[in-house]
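Participant: The numbering of the sequence shown is the working numbering, which starts it at 21 and goes up by one. We put the beta carbon where it would ideally sit given N, CA and C, even for glycine. Small disclaimer: the values here were computed from a predicted structure and weren't measured.
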Amino acid sequence: MSELALGIDIGGTYTKFGYVDKDGNILAEGKLQTFGHASLQAYLQELNQKLDVLEQSLSGYTLKGIGIGAPNANIYKGTIEHAPNLEWKGIVPFVEEFKKFRDYPVTITNDANAAAIGEMVFGAARGMKHFIVITLGTGLGSGIVVDGKLVYGADGFAGELGHVIAIEGGRMCSSGKRGCLEAYVSATGICRTVFELLSDAIVDSPLRDYSYRELTSKTIYEAAVRGDYIASQAFEYTGNILGRKLADFVAATSPEAIFIFGGLAGAGDLLLKPVRKSFEKYLFNVYNKDNIAIRLSGLGEKSAAILGASALVWEKEKTDQKSKRQGSATSPVRIDQP
């Protein structure tokens with residue numbers, strides 16, 4: 021029988037899931053709303069009901085394991101901890117509760133870490149051992165790979181580059197700090213930038229017709245494509261900040277490539293051109309800028325989250341096999357330890 025991995029991506033609005041083979045083919049997928057449930061248990065019950073229905077469409081397969089990407093997930097403890105965009109507050113023993121419905125091997129990690137593993141297993145980072153993935157959605161996430169291994173750090177939360185300080189004393193961030201990179205370089209960050217630019221410029225722009233709740237990064241992109249000055253300046257400003265911080269990140273890990281992923285990355289060169297210009301300006305000259313690629317993710321936007329989560333299963337299998345060959349009794353990554 022062929023083996024499949026179940027990939028689950030828990031977002032603030034939707035949870036997406038799918039059954040994926042080793043080649044990255046999604047054989048069945050679905051989604052449900054993450055919010056609006058009476059409790060975590062009610063959410064898990066609905067999720068597993070949908071998984072039951074999906075499994076009925078599959079035959080001739082065995083489930084190898086389950087990979088889950090979620091905000092503020094801790095791979096060591098199997099928990100989701102103090103996630104600001106989820107309804108479950110505090111430290112949530114997610115794996116422990118999930119396994120009451122499906123008792124399979126489960127790996128959970130930060131959604132950006134899952135994206136990095138997905139890029140390494142299925143995407144443009146195949147064959148690379150040193151790279152960074154930056155995810156640009158509502159917030160900014162990141163996954164760092166060094167020597168072919170995802171960097172988790174001592175407590176499982178290494179790589180929170182969205183919360184390094186971009187501008188001292190700057191905008192308030194959801195983290196409670198001021199000036200975080202996420203507050204400037206994200207879908208919400210570029211919207212905030214537009215309103216600041218509008219308040220400081222006496223130019224006509226269709227973006228003046230939008231309220232704060234109505235404006236989206238997609239609207240800004242569409243305005244920039246039409247040549248709107250404010251929208252174009254917003255991308256320049258955003259790209260400048262991101263490029264400067266990417267130059268700092270290179271000093272820490274010296275990657276082969278940096279991959280940009282997520283909704284805001286869909287702006288393509290509108291974002292990437294100012295990013296590269298700023299990156300090259302601020303990069304320490306000991307590093308060769310021509311040897312560090314800044315590229316869009318190779319996963320493809322539609323199914324990237326599912327692929328990234330499922331890749332956790334295949335990466336764990338590879339790690340376990342390597343440990344056995346080396347005579348190690350334990351895996352270097354602790355999972356299923358709520």
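Can the beta-carbon of isoleucine 250 be found closer than 7 Å to that of valine 205?
Facilitator: Working through the sequence shown from its first residue, we reach residue 250 at position 230. Working through the sequence shown from its first residue, we reach residue 205 at position 185. No, they are not a contact pair.
Participant: Assuming isoleucine 95 contacts threonine 127 under a Cβ cut-off of 8 Å, what Cβ separation, rounded to an integer in Å, is found between them?
Facilitator: Here residue 95 refers to the residue found at position 75 when the sequence shown is read from its first residue. Here residue 127 refers to the residue found at position 107 when the sequence shown is read from its first residue. With 8 Å as the limit, isoleucine 95 and threonine 127 qualify as a contact, their Cβ atoms being about 7 Å apart.
Participant: Check whether the stretch 295 to 304 touches the stretch 326 to 334, taking contact to mean three or more Cβ pairs, one atom from each stretch, closer than 8 Å.
Facilitator: Output reads no: the stretch 326 to 334 does not touch the stretch 295 to 304.
Participant: Hey, isoleucine 86 and tyrosine 124: beta-carbon distance below 7 Å or not?
Facilitator: Within the sequence shown, residue 86 is the residue found at index 66, counting from 1. Within the sequence shown, residue 124 is the residue found at index 104, counting from 1. Yes, the pair counts as a contact, with Cβ atoms nearer than the cut-off.
Participant: Can you tell me which of the three DSSP states glutamine 76 falls into?
Facilitator: Residue 76 sits at position 56 when you count from the first residue of the sequence shown. Note: glutamine 76 maps to coil in three-state DSSP.
Participant: Is the beta carbon of alanine 244 sitting closer than 7 Å to the one on leucine 290?
Facilitator: If you number the sequence shown from 1, residue 244 lands on position 224. If you number the sequence shown from 1, residue 290 lands on position 270. For alanine 244 and leucine 290, yes; Cβs fall inside 7 Å.
Participant: Residues in its own chain within less than 7 Å of glutamate 188 by CB, not counting five upstream and five downstream?
Facilitator: Working through the sequence shown from its first residue, we reach residue 188 at position 168. Same-chain partners within the cutoff: Gly199.
Participant: Can you list, in chain order, the stretches of the alpha helix (DSSP H) that have 4 or more residues and sit fully within the stretch 193 to 225?
Facilitator: List check, alpha helix (DSSP H) in window: 207 to 220.
Participant: What whole-angstrom Cβ distance do glycine 98 and glutamate 116 have, given they're in contact under 8 Å?
Facilitator: The residue you call residue 98 lines up with position 78 of the sequence shown. The residue you call residue 116 lines up with position 96 of the sequence shown. Contact flag correct, Cβ pair sits at about 6 Å.
Participant: Put isoleucine 30 into one of helix, strand or coil per three-state DSSP.
Facilitator: Residue mapping note: residue 30 aligns to position 10 of the sequence shown, counting from 1. DSSP places isoleucine 30 in strand when its eight states are reduced to three.
Participant: Can you tell me whether DSSP reads glutamine 253 as helix, strand or coil?
Facilitator: Here residue 253 refers to the residue found at position 233 of the sequence shown. Glutamine 253: helix per DSSP, three-state reduction.
Participant: What is the DSSP secondary structure of arginine 315, reduced to helix, strand or coil?
Facilitator: Within the sequence shown, numbered from 1, the residue matching residue 315 stands at position 295. The answer is strand: DSSP assigns arginine 315 an E or B state.
Participant: Using a Cβ distance threshold of 8 Å, determine whether the stretch 164 to 175 contacts the stretch 56 to 69, with at least three qualifying pairs required.
Facilitator: They do not touch, by the three-pair rule.
Participant: With a Cβ-Cβ cutoff of 7 Å, do phenylalanine 281 and threonine 155 count as a contact?
Facilitator: Counting from one through the sequence shown, the residue named residue 281 turns up at place 261. Counting from one through the sequence shown, the residue named residue 155 turns up at place 135. Going by C-beta atoms, phenylalanine 281 is nearer than 7 Å to threonine 155.
Participant: With the cut-off set at 7 Å, would you say glycine 182 and glycine 159 are in Cβ contact?
Facilitator: In the sequence shown, counting from the first residue as 1, residue 182 sits at position 162. In the sequence shown, counting from the first residue as 1, residue 159 sits at position 139. Going by C-beta atoms, glycine 182 is nearer than 7 Å to glycine 159.
Participant: Are the Cβ atoms of glutamate 139 and phenylalanine 37 separated by less than 7 Å?
Facilitator: The residue given as residue 139 occupies position 119 in the sequence shown. The residue given as residue 37 occupies position 17 in the sequence shown. Not closer than 7 Å, so no.
Participant: Starting from the C-beta of glutamine 357, find all residues in its chain whose C-beta is less than 7 Å away, skip the five residues before and the five after it, and write them out in chain order.
Facilitator: Position 337 of the sequence shown, counting from 1, holds the residue named residue 357. Interpretation of glutamine 357 is limited by its pLDDT of 37, a score under 50 that renders its predicted location unreliable; the figure taken from the coordinates is listed afterwards. So the qualifying residues of the chain are Tyr96, Lys97 and Gly98.
Participant: Considering just the uninterrupted stretch of the beta strand (DSSP E) at glycine 138, what are its terminal residues?
Facilitator: Indexing the sequence shown from 1 puts residue 138 at position 118. That residue, glycine 138, is in no beta strand (DSSP E); its alpha helix (DSSP H) goes 131 to 141.
Participant: If contacts are defined as beta-carbon pairs under 8 Å, then leucine 24 and valine 40 qualify, I think. What distance do you get, rounded to the angstrom?
Facilitator: Numbered from its first residue, the sequence shown carries residue 24 at position 4. Numbered from its first residue, the sequence shown carries residue 40 at position 20. About 6 Å separates the two Cβ atoms, so the contact holds.
Participant: Mark tyrosine 257 as exposed unless 16 or more other C-beta atoms lie within 10 angstroms of its C-beta, in which case mark it buried.
Facilitator: Position 237 of the sequence shown, counted from the start, is the residue given in the question as residue 257. By the neighbour-count rule (16 or more Cβ atoms within 10 Å), tyrosine 257 is buried.
Participant: Relative to the alpha-carbon of glycine 320, which residue among Gly288, Lys84, Ala93 and Tyr230 has its alpha-carbon at the smallest distance?
Facilitator: To locate residue 320, count along the sequence shown from 1; it is residue 300. Answer by Cα proximity: Gly288.
Participant: Just the Cα atoms here: how many angstroms apart are glutamate 107 and asparagine 92?
Facilitator: Here the question's residue 107 lines up with position 87 in the sequence shown. Here the question's residue 92 lines up with position 72 in the sequence shown. In a straight line, the C-alpha of glutamate 107 is about 13 Å away from that of asparagine 92.
Participant: Indicate whether isoleucine 46 and alanine 90 have their beta-carbon atoms separated by less than 7 Å.
Facilitator: Your numbering for residue 46 matches position 26 in the sequence shown. Your numbering for residue 90 matches position 70 in the sequence shown. Against a cut-off of 7 Å, the Cβ pair of alanine 90 and isoleucine 46 comes out as no contact.
Participant: Hey, alanine 48 and serine 79 are a contact pair by Cβ (cut 8 Å); roughly how many whole angstroms apart?
Facilitator: Mapped onto the sequence shown, residue 48 falls at position 28. Mapped onto the sequence shown, residue 79 falls at position 59. Between serine 79 and alanine 48 the Cβ distance is about 11 Å, and since that is not below 8 Å, they are no contact.
Participant: Residue range of the alpha helix (DSSP H) that lysine 297 falls in?
Facilitator: Within the sequence shown, residue 297 is the residue found at index 277, counting from 1. That run of the alpha helix (DSSP H) goes 289 to 302.
Participant: On the DSSP bridge assignment, give the partners of tyrosine 81 in chain order.
Facilitator: Mapped onto the sequence shown, residue 81 falls at position 61. Answer is Ser22, bridged to tyrosine 81.
Participant: Can you give the Cα-Cα distance for leucine 26 and alanine 221, rounded to whole angstroms?
Facilitator: In the sequence shown, counting from the first residue as 1, residue 26 sits at position 6. In the sequence shown, counting from the first residue as 1, residue 221 sits at position 201. Whole-angstrom Cα-Cα distance: 50 Å.
Participant: I believe glycine 263 touches proline 294 by the beta-carbon criterion, under 8 Å. Please report the beta-carbon distance rounded to the nearest angstrom.
Facilitator: Here the question's residue 263 lines up with position 243 in the sequence shown. Here the question's residue 294 lines up with position 274 in the sequence shown. That pair is a contact at about 7 Å.
Participant: Can you name, in chain order, every residue of its own chain whose Cβ lies under 7 Å from the Cβ of asparagine 68, other than the five neighbours on each side?
Facilitator: The residue you call residue 68 lines up with position 48 of the sequence shown. Answer for asparagine 68: Phe121 and Arg122, listed in chain order.
Participant: Less than 7 Å between the C-beta atoms of asparagine 105 and glycine 32, yes or no?
Facilitator: Within the sequence shown, residue 105 is the residue found at index 85, counting from 1. Within the sequence shown, residue 32 is the residue found at index 12, counting from 1. Going by C-beta atoms, asparagine 105 is nearer than 7 Å to glycine 32.
Participant: Quick check on DSSP: helix, strand or coil for isoleucine 187?
Facilitator: Translated into the one-based positions of the sequence shown, residue 187 becomes position 167. Coil, per DSSP.
Participant: Can you tell which of Asp268, Gly157, Arg246 and Lys265 has the C-alpha that lies nearest to the C-alpha of threonine 236?
Facilitator: Numbered from 1 along the sequence shown, position 216 holds the residue referred to as residue 236. If we check each option's Cα against that of threonine 236, Gly157 comes out closest.
Participant: Just mark isoleucine 111 as buried or exposed, buried being the case when its beta carbon has 16 or more other beta carbons within 10 Å.
Facilitator: One-based indexing of the sequence shown puts residue 111 at position 91. The residue in question, isoleucine 111, is exposed, as its Cβ has fewer than 16 Cβ neighbours within 10 Å.
Participant: Could you tell me the distance, in whole angstroms, from the CA atom of tyrosine 230 to the CA atom of lysine 169?
Facilitator: Along the sequence shown, read from residue 1 onward, the residue named residue 230 stands at position 210. Along the sequence shown, read from residue 1 onward, the residue named residue 169 stands at position 149. Roughly 44 Å separates the two Cα atoms.
Participant: Look up alanine 93 in the DSSP assignment and give the residues it is bridged to.
Facilitator: Mapped onto the sequence shown, residue 93 falls at position 73. Alanine 93 pairs with Ile100.
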